[in-house]
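All remarks here apply to the structure that follows.
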Amino acid sequence: MMTPQEVSQHAFAKASFGGYNMAMVDEFLDVLTEDYSALYKENAVLKSKMKVLVEKVEEYRSTEDAMRKALLTAQRMADEMVQDAQRKQAELLAQAEAEARKKVEALRQEVESEQLRLTAAQSSTAAYVGKLKALYQHEMEYLGGLSQLSAPAPAADPVDAAVSDIDASIHKLMEEKPAEDLEDTKELEPVTTHAGGESGGLYGDLTGYSAAQAEAEKPGEKSGAPEEPAAQREEAPARHLDFKDLEHHFGKDYEIK
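Okay, so the sequence shown: first residue is 11 according to our numbering, each after it adds one.
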């Protein structure tokens, strides 16, 4: 492409005959040079602009590639993060469910154990309360029976009664018949020796037994041990007295009242 300077400096050969008017050709060349110069300058500006635009496009294209790569990397990282989060979520959920099941099972076992302990405690308490009630009932019956218990009245001792009657009869006979009493006492000596060979004879036995009975009935003369109940004392063996000898010696007037 010719530059405006080349157009303006171009020279034509002169013809001998039939050539162009040189003034008109020069005028046309001036106008053409002016227009061409403007177009040339515009073309140069456009080329420079296009070069800048190409560079920008290349830059944008490289930036686009980088952005595309960054987007792809970010997308891949986002996908990996989502997958990792989902995996961790699944692991945490599984771990939480396992721990929850374990705790629920432990609580269930603890509840069953406490229920068994409660049942055992209730059974023990019921048995203990039953024993207390039975013991209370037994004690109440025992206390009720104590109020009904009373010391039995001492039975009249026939030996004491007989001794008293004999003493009264002897005193009566001694007052009424002193002489006969002397003879009777002389006759009683072999009888007393026959009655047991002891010094007192039958009368001594009776009076000695009465004295022993009186000594046994005196309070406070025994040892410090408390007196046993009447039901626990062994009854003294009964002594059988033969009153035929007394009737023979004292006469028919003697009788047991």
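Every residue gets a Cβ at the ideal spot worked out from N, C-alpha and C, and that includes glycine. Remember, it's a predicted structure, so these values are computed and weren't measured experimentally.
Asked, Found
"What do you get for Tyr-146, buried or exposed, if any count of 16 or more other CB atoms within 10 angstroms of its CB means buried?", "exposed"
"Determine whether the beta carbon atoms of Tyr-50 and Pro-14 lie at a separation below 8 Å.", "yes"
"With H, G and I counted as helix, E and B as strand and the rest as coil, what does DSSP make of Thr-43?", "helix"
"Judging by CA-CA distance, which residue of Ser-18, Asp-89, Glu-65 is the nearest neighbour of Asp-36?", "Ser-18"
"Given this structure, state the Cα-to-Cα distance separating Lys-98 from Leu-117, to the nearest angstrom.", "28 Å"
"Measuring only the C-alpha atoms, how far is Leu-82 from Ala-110?", "41 Å"
"Check Tyr-70 in the structure and name its three-state DSSP category.", "helix"
"What number of angstroms, rounded off, separates the C-alpha of Leu-142 from the C-alpha of Val-121?", "30 Å"
"Taking the alpha-carbon positions, what's the Asp-175 to Gly-155 distance?", "41 Å"
"Tell me whether Thr-135 is buried or exposed, calling it buried when 16 or more other Cβ atoms sit within 10 Å of its Cβ.", "exposed"
"Helix, strand or coil, according to DSSP, for Asp-146 in the structure here?", "The amino acid occupying residue 146 in the given sequence is Tyr; Asp does not appear at that position. Tyr-146: helix per DSSP, three-state reduction."
"Is it buried or exposed for Tyr-138, if we count other Cβ within 10 angstroms and need 16 for buried?", "exposed"
"Express the C-alpha separation of Asp-40 and Thr-61 in angstroms, rounding to a whole number.", "In the sequence under discussion, the amino acid at residue 61 is Lys, which differs from the Thr named in the question. Rounded to whole angstroms, Lys-61 to Asp-40 spans 31 Å at the Cα level."
"In the DSSP assignment, find the unbroken alpha helix (DSSP H) run with Gln-15 in it and report its ends.", "14 to 18"
"Determine the DSSP secondary structure at Asn-31, reduced to helix, strand or coil.", "coil"
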